[in-house]
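First to last, the protein sequences are chains A and B.
Mapping to the working numbering: the first sequence position 265 is 265, numbers consecutive.
Mapping to the working numbering: the second sequence position 402 is 402, numbers consecutive.
Accompanying notes for the structure given below.
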Amino acid sequence: MVPFLAGQRKQDTHLFTYRPGACKVYLIMMKPATAFLESFLPWLREQGEVSWVKTIEPRSPEYGPLPEDLHEPLKAALASRGIASLYAHQAECYRLIREGRNVVVVTPTASGKTLCYNLPVVQALLEDPAARALYLFPTKALSQDQQAELNEIALGGDLPVRIQTYDGDTPSSLRTVARTSGRIVISNPDMLHAGILPNHAKWITFFSGLKYVVIDEMHSYRGVFGSHVGNVIRRLKRIAAFYGARPTFILCSATIANPAELAEALVEEPVALVNRSGAGGGSKTVVFYNPPVVDPVQGLRRSSATESERIALELLRKGVKTILFARSRLKVELIASYMAQSLANPNNENNRIAVSPYRSGLLPSERRAIEKGLRDGTINGVVSTNALELGIDIGGLDAAVMAGYPGSTASFWQQAGRAGRRGTSSVAVFVATSSPLDQYFARHPEYFFAQSPEQARVDLDNPFIFVDHMKCAAFELPFAEGAGFGEGAGFGEGAGFSQGASIAEGSAGRAELAAEALGLLEEEGIVRFTGGRWYWSADGYPSEKISLRSATADNIVIVDVTGGGGRVIGEMDRPSAKELIFDNAVYMHLGVQYIVKKLDIANHVCHVERREVDYWTDSVVKTDIEVLTEDERSAPGGGRAPAGDAQSSASLPSWAVGDVLVRSQAEKFKKLRFHTHENIGYGEIYLPPEEMQTRAFMLIFPEESAAGAFLAALEPAKAAAALVGAARLLKALAPAFILCDPRDIGVSERVRDPHFGMPAIYLYDQYPGGTGLAEALSKNIAGLLEAASGRIGGCACAAGCPSCIGADLVDEGGSAAPGRQASQGYKALVADLLGRCASR
Amino acid sequence: MPGLKGRISRLKSLGLVKASELGAAPVEPAASAEPASPEAAPRRERTSPQERGHFLPGWERIGPHVYRRTADTNFGLGGSQPMVFHPAYFEHHPLPAQSQASRPPDPGLPLDGLSFFDLETTGLSGGTGTIAFLAAIGYFEGADFLVTQVFVDDFPGEPRFLEALAEALAQRPYVVTYNGAAFDMPLLRTRCIMNAVPLPELAHTDALKAARRLWRRTLGSCALQAMEAAVLGEQRIGDIPGFMIPGLWLEYSASAASESETFESMGKIADHNALDVVSLARLFLRIERIMAQPELRWAADKVCAPRLAAELMALGREAEGLSILEASWAEGDQAALLLLARLSRRRRDFDAYERAVLALDDCSLLGLIERAKLFEHVRRDAASALLYAELAASLLSEGGGEIGGLNPSHRGEALEALARRIGRLKRKLARGEGNKG
């Protein structure tokens with residue numbers, strides 16, 4: 001059945017010879033990691049291509065002594081947990097934080113990260129009874145875990161440090177306690193934004209003593225969420241300054257290319273970087289598995305989801321506790337239900353193997369139950385989105401299977417790190433999809449072992465986000481005339497409160513932008529300038545309407561109306577709802593299928609009904625773009641500042657960065673049969689279009705450039721095909737250079753662009769107003785074009801495949817489907833075009 | 001970052017200013033939007049508007065933007081009204097497990113130590129962006145009830161406004177509010193913190209809590225105006241609806257000095273505010289009177305008898321509590337009967353217990369359940385108990401949920417408890433136990 005490509009497999013095996021600096025590469029047979037690997041790897045190699053295997057050697061730890069100034073009770077508390085010395089990076093963090101410096105610490109999973117901040121914080125709280133600390137975690141579940149751990153340190157040694165969680169689940173009786181006597185308050189950015197800051201006067205004791213702010217999982221604060229959180233931090237600093245406090249920031253991050261840069265962008269202050277881990281680790285075998293090719297001409301491989309499912313089943317049947325990571329909520333539900341079907345066996349209670357899906361959109365109680373099941377062993381296997389990637393305690397797992405690249409190397413290592421948390425040997429299997437990105441990595445394992453190449457970006461001055469937080473900030477404290485917001489604002493001549501004034505005076509950070517925003521809010525009638533200050537002058541509570549996590553505040557509630565009931569089963573943001581839960585769509589929740597009866601956008605509700613069908617649905621979205629501004633344009637030839645070899649660079653395409661208006665509409669949907677994924681019909685979607693203003697990176701092809709001349713010489717249909725293919729590949733590979741999800745970037749292309757009067761490709765930010773992706777693309781475009789050219793050149797397919805420029809172009813066109821001959825031309829066209837764009 | 005300046009203005013020109021609402025309604029096709037230049041809106045010189053310098057007749061200007069008046073009201077103490085109040089009447093006391101010896105009578109505190117206090121604010125959702133712009137403090141001077149009000153006509157006057165307020169509150173040691181525990185007092189504290197105005201130490205009583213205990217079951221809404229209508233027998237005419245107040249003041253504070261209509265609405269708000277503290281004081285005295293003479297007052301004042309009885313018993317006034325329960329039973333109050341039954345059983349007065357249980361409606365769920373308990377534990381007649389329990393279970397499973405005031409969400413629990421009882425009774429019967437009859 002599966003074509004056996006002997007040469008290819010052998011060739012892939014030779015990749016074992018790759019030896020990057022720090023980690024040694026072994027042939028599996030030489031050093032089996034654990035007993036189950038001995039049988040598992042040969043089995044895996046019978047299934048498809050094992051394109052590389054690396055065993056990361058156990059690392060021996062580097063220690064430093066306990067700090068001398070450590071309080072005796074704290075020493076005793078550490079001793080009771082068996083800690084007599086620190087890892088080198090923990091000692092370094094302690095020293096820097098005690099010097100009063102902001103610190104960002106980058107360490108792998110299970111490297112004693114929490115002690116990096118707990119130790120200096122608890123020490124400081126013991127020294128000064130007025131001192132307070134705020135711990136921010138990106139999710140509620142994480143803060144619950146964190147409190148448990150902190151209690152162990154603090155209470156284990158009877159330390160007089162009260163630790164209090166303050167989130168949406170905190171009962172009101174405990175809220176007062178947290179405000180007045182919590183020394184360490186554990187919360188999340190959403191609660192800080194909507195609950196704490198708008199009521200800061202109730203927190204006077206806390207803010208007056210605020211000495212440390214710990215921001216864990218910093219890498220998750222990128223893009224939209226990060227841009228919002230950066231503004232929440234601006235508000236936090238403004239309020240702290242009002243009460244005379246100026247906290248030190250301690251940030252923790254998984255590996256990204258620019259941790260210090262991201263930390264400084266978020267807190268807008270200098271931050272010292274600690275990135276050398278002194279912790280040891282158990283051995284881990286990382287396997288890159290490429291599913292077998294089923295159609296060598298079109299380069300089609302077997303589905304990564306199906307293969308992951310089979311691999312996970314094999315592991316589970318061998319008694320290996322396994323987590324399977326899938327990319328979407330839908331995939332999670334599909335795979336979990338397929339696995340449950342495969343395991344179903346009434347005679348032996350499914351071999352006593354229980355598999356559960358885990359994703360956002362489940363109710364908190366459902367999630368807690370699954371986490372508990374994993375910890376106590378009643379659930380052996382879990383299929384999850386990246387929701388379980390963060391540090392939620394689910395106990396020790398032995399294997400992690402990743403159905404496709406999780407979007408970043410940070411996520412890759414966090415997911416891989418889910419196996420073997422207790423320092424035991426473990427295996428992580430990465431199952432490549434046919435996407436260009438996955439196939440690019442299949443050939444470039446060094447990508448994972450060298451310094452992480454992706455940049456995390458935020459744009460705190462995204463006008464939408466900025467204006468939203470100006471509203472919240474004005475609600476919290478009036479703005480003085482000419483006062484700024486962010487970047488040094490609020491730290492001028494001391495704090496307002498201690499001097500009896502009702503505003504935080506400050507230097508003019510972002511003063512101009514703040515003034516512009518206040519002028520706008522004044523016209524909306526929600527702030528008023530009087531007596532030299534800007535006052536919030538509206539009824540209402542602004543932060544309530546502003547979500548930090550999604551593009552729009554109005555979520556759609558999904559209601560199960562089966563049998564006349566009305567049970568809420570989930571929530572979804574509006575733009576996603578238009579593409580996922582339109583009328584007649586199939587919605588999956590905890591393995592149960594629902595059909596959408598009615599998506600009622602005006603009332604924010606979607607009625608679904610349980611129904612067993614043998615297909616799922618996928619929408620087809622059309623987009624249209626209009627250029628609003630060009631804020632930056634490359635020098636002719638694409639260079640930022642043409643230097644060096646001007647002659648060769650002059651032939652490269654140009655680019656611009658600016659604002660665009662994107663109009664998108666889901667018009668129809670496909671019905672795809674389960675398992676085979678064959679298209680069994682279409683349906684219409686009748687929904688109004690989504691409009692958004694955003695930032696775009698625009699690649700343009702003047703005739704003077706080599707690529708432009710090439711396109712100009714083609715007939716329009718062929719030029720269009722070349723642009724489509726190039727755009728797809730650029731979008732697909734962008735996440736290798738910028739920390740983002742491919743879904744964060746939209747693409748569109750035109751042969752004769754009405755704005756530029758020449759061919760153009762748009763890569764735009766999917767969040768209104770942009771989150772820095774367009775700017776980041778302008779800095780990485782040369783590398784991206786080269787990678788794209790390299791990918792298409794190195795792809796073994798004949799005429800374009802999902803692993804390079806996509807093959808569905810061929811069958812999606814409907815009646816006018818070009819034959820194989822034409823599509824062969826298609827791949828060559830794109831390769832030619834990209835070859836003329838790359839500088840080498 | 002290049003291109004930053006003007007981004008917000010461009011948004012405005014596109015009509016996409018409200019990020020939180022972006023895309024909520026599809027924008028008109030952009031073709032109609034003129035590509036407005038960022039300079040389209042030239043920066044204005046910002047100057048604070050002139051202070052008005054005056055307010056309604058009868059109000060005295062006591063500082064920039066701040067005004068005060070004190071007025072007598074047509075409300076006052078009648079000759080029979082004692083000049084004391086009892087803080088204990090306004091606190092919740094859990095019913096003690098054992099009956100208590102009577103407490104020494106509470107002599108009460110002088111009424112003229114009370115400030116009846118209410119705020120009008122720029123919003124109802126709280127948070128530091130909500131300010132108070134008007135306050136009323138009502139107090140007794142002899143038999144007269146006076147109201148002092150302080151008003152601020154714009155934001156910059158807030159510190160002086162709060163000082164005047166703190167000064168007025170400091171005159172008396174007690175503050176009485178209606179919903180002040182959740183709203184007025186925290187808001188006042190927040191404003192004082194934000195403006196660095198010291199607030200005097202005050203003892204606070206929220207009369208809403210007492211009102212809820214006495215009337216929630218019988219009246220439903222315990223909003224002040226609902227209490228006025230149902231308990232005090234008053235009707236406001238031409239009163240301004242509370243939800244309009246924030247908007248009216250925001251409009252007034254932002255409007256030019258000459259507009260007279262906004263003056264009229266401010267006058268109405270001031271009257272509303274004064275009326276609120278008058279009603280609060282009257283309701284407060286009514287609660288005092290009910291608690292002083294509960295047997296005489298409870299029926300006429302539509303008080304929930306079982307709740308009142310429970311409060312009295314908690315205060316050690318058992319005889320009064322029982323007499324109210326008996327009187328309420330006489331009017332067919334099943335809840336009073338039920339409480340009476342439970343209290344009697346707790347005091348091991350099994351005759352009274354039996355009397356109360358047998359008086360319960362034997363077609364109601366609770367009546368059946370209580371009978372099952374009586375027959376099982378007191379009369380030791382398992383067969384009859386089983387009959388009642390099975391009747392109760394069938395009533396419940398047939399969907400007679402609202403019978404006997406059972407909360408529908410407790411139906412499952414109740415069914416389970418019944419099932420356990422039935423199982424136990426059947427076992428007892430099988431063993432031949434507990435069958436005296």
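Where a beta carbon is used, it is the ideal one built from N, C-alpha and C, also for glycine.
Owing to the predicted nature of the structure, the values given are computational and were not obtained by experimental measurement.
Residue burial classification, residue i (beta-carbon count within 10 angstroms, cutoff 16)
| i | result |
| --- | --- |
| K671/A | buried |
| L425/B | buried |
| E678/A | exposed |
| G417/A | buried |
| A245/B | It is worth fixing the name first, because residue 245/B is Ile in this sequence and not Ala. By the 10 Å Cβ count, I245/B comes out buried. |
| E775/A | buried |
| K302/B | exposed |
| N345/A | exposed |
Proximity to residue i [Cα-Cα], best of the options
| i | options | result |
| --- | --- | --- |
| E158/B | D72/B, H65/B and I245/B | H65/B |
| T121/B | F243/B, Q171/B, R61/B and E51/B | F243/B |
| P87/B | F161/B, D333/B and P173/B | P173/B |
| S664/A | F737/A, S408/A, Y764/A and S365/A | Y764/A |
| D864/A | A88/A, I558/A, R567/A and D539/A | The structure shown does not extend to residue 864/A, since chain A is modelled only from 1 to 840, so the question has no answer here. |
| I62/B | A143/B, V150/B and M83/B | V150/B |
Separation of residue j from residue i, as counted between CA atoms
| i | j | result |
| --- | --- | --- |
| G420/A | A713/A | 57 Å |
| N258/A | Y221/A | 13 Å |
| R427/B | S344/B | 29 Å |
| F841/A | H200/A | Because chain A here runs from 1 to 840, residue 841/A falls outside it and cannot be looked at. |
| Q225/B | A196/B | 34 Å |
| L124/B | I131/B | 10 Å |
| G564/A | K598/A | 14 Å |
| A260/A | N275/A | 10 Å |
| N380/A | S634/A | 54 Å |
| M470/A | C304/B | 49 Å |
| G367/B | E354/B | 12 Å |
| H607/A | R52/B | 55 Å |
| F529/A | L134/B | 21 Å |
| L125/A | R162/A | 10 Å |
| V660/A | R457/A | 20 Å |
| G525/A | W536/A | 9 Å |
Cβ neighbours of residue i in the same chain (closer than 7 Å, five flanking residues each side left out)
| i | result |
| --- | --- |
| A831/A | I792 and G793 |
Contacting residues, own chain, Cβ-Cβ under 6 Å from residue i (five flanking each side not counted)
| i | result |
| --- | --- |
| E684/A | K668 |
| V401/A | S308, I311, A312, L324 and V429 |
| T177/B | F117, D184 and D206 |
| E703/A | A709 and A712 |
Cut-off 8 Å between Cβ atoms - residues of its own chain near residue i, not counting five sequence neighbours on either side
| i | result |
| --- | --- |
| I287/B | Y89, F90, A207, A210, A211 and L214 |
| I239/A | L197, H200, F207, E476, L477 and A504 |
| S778/A | E632, S634, R640, W655, V657 and F697 |
Contact test: residue i Cβ vs the ligand GDP heavy atom, cutoff 7 Å
| i | result |
| --- | --- |
| E314/A | The ligand content of the structure shown is nil, which means the ligand GDP is not present either. |
Contacting positions in the segment 403-419 of chain A - beta carbon closer than 7 Å to chain B: Of all residues in the segment 403-419 of chain A, none has a Cβ within less than 7 Å of some Cβ in chain B.
Residues, ordered as in the chain, of the segment 245-274 of chain B that lie near chain A by beta-carbon distance below 8 Å: Taking 8 Å as the cut-off between beta carbons, the residues of the segment 245-274 of chain B near chain A are P246, G247, L250, S253 and A254, in sequence order.
Members of the segment 537-548 of chain A near chain B, C-beta cut-off 9 Å: From the segment 537-548 of chain A, only S537, A538, D539, G540, Y541, P542, S543, E544, K545, I546 and S547 have a Cβ closer than 9 Å to chain B.
Residues, ordered as in the chain, of the segment 193-204 of chain A that lie near chain B by beta-carbon distance below 9 Å: Taking 9 Å as the Cβ-Cβ cut-off, the segment 193-204 of chain A approaches chain B at L197, P198, N199, H200, A201, K202 and I204, given in chain order.
Contact list for the segment 134-163 of chain B against chain A, Cβ threshold 8 Å: The residues in question are D154, F155, P156, E158 and P159.
Selection of the segment 463-478 of chain A by Cβ proximity to chain B, strictly under 8 Å: Per Cβ criterion, the list reads P463, F464, I465, F466, V467, D468, A474, F475, E476, L477 and P478.
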